[in-house]
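Enquirer: Numbering (my numbering), first residue to last: 580 to 749.
Glycine included, each C-beta is placed from N, C-alpha and C at the ideal position.
Once you've had a glance at the structure underneath, I'll fire off some questions.
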């Protein structure tokens, strides 16, 4: 279920088999935990440096509630994770299933890595083109920390993997 514009909406109702049916969902092919082998190499992958670069704009000031709310007009949804549970407030419809598969990917992370995702709140824009333009310091309101699938040198959008390819119709 998804919280949408002040009401709970069931977007993907479960279709349970009829009584007497032998159909079932099994944990044998849908595991709820993954066993992680200790890594031989304890250094972070090279792409981690881009995470720090994408967040550099807010390193000195931190991120305020006002900054987060500043991205709402362009966001498709707000995601809040508290104690391993995901809560979503959907603002508008995304192209095809981009929002659904982005959320599905996050739910997979919560399922495969229980207790390892921090409590967080973020706004996500499912469109392709960057919208948070880099400006001179003190030239207007602080930029919102808005996640999306791409950015460029003139923008401050925070890049996030595009898992929506999983939902493409072939």
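In whole angstroms, what separates the C-alpha of residue 731 from that of residue 656?
Expert: Whole-angstrom Cα-Cα distance: 22 angstroms.
Enquirer: For residue 730, name the three-state secondary structure that DSSP assigns.
Expert: Note: residue 730 maps to coil in three-state DSSP.
Enquirer: Under a three-way DSSP split, which group does residue 657 fall into?
Expert: Here residue 657 sits in strand by DSSP.
Enquirer: In whole angstroms, what is the alpha-carbon distance linking residue 726 and residue 622?
Expert: Looking at the two C-alpha atoms, the distance is approximately 25 angstroms.
Enquirer: With a 10 Å radius around its C-beta and 16 neighbouring C-beta atoms as the bar for buried, classify residue 672 as buried or exposed.
Expert: Burial call: exposed.
Enquirer: What are the start and end residues of the beta strand (DSSP E) that includes residue 664?
Expert: 664-669 is the extent of the beta strand (DSSP E) around residue 664.
Enquirer: Using CA atoms only, rank isn't needed, just tell me which of 676, 667, 747 and 740 is closest to residue 699.
Expert: Comparing Cα positions, the closest option is 667.
Enquirer: Within 10 angstroms of the Cβ of residue 643, are there 16 or more other Cβ atoms? Answer buried if so, exposed if not.
Expert: Exposed, since its Cβ has fewer than 16 Cβ neighbours within 10 Å.
Enquirer: Excluding sequence positions up to five away, which residues of its chain have a Cβ less than 8 angstroms from the Cβ of residue 682?
Expert: Counting only Cβ-Cβ distances below 8 angstroms, and skipping sequence neighbours, we find 656, 658, 665 and 667.
Enquirer: Candidates 746, 741, 723 and 684: which alpha carbon is nearest residue 641's?
Expert: Of the candidates 746, 741, 723 and 684, the one whose C-alpha sits nearest the C-alpha of residue 641 is 723.
Enquirer: Near residue 713, what residues of its chain come up, given a Cβ to Cβ distance below 7 angstroms and the 5 sequence neighbours on each side ignored?
Expert: Contacts found: 733, 734 and 735.
Enquirer: Answer yes or no: do residue 696 and residue 686 have a C-beta to C-beta separation smaller than 8 angstroms?
Expert: No, the pair does not count as a contact, with Cβ atoms beyond the cut-off.
Enquirer: Taking only three categories from DSSP, how would you classify residue 642?
Expert: Residue 642 falls in the coil class under three-state DSSP.
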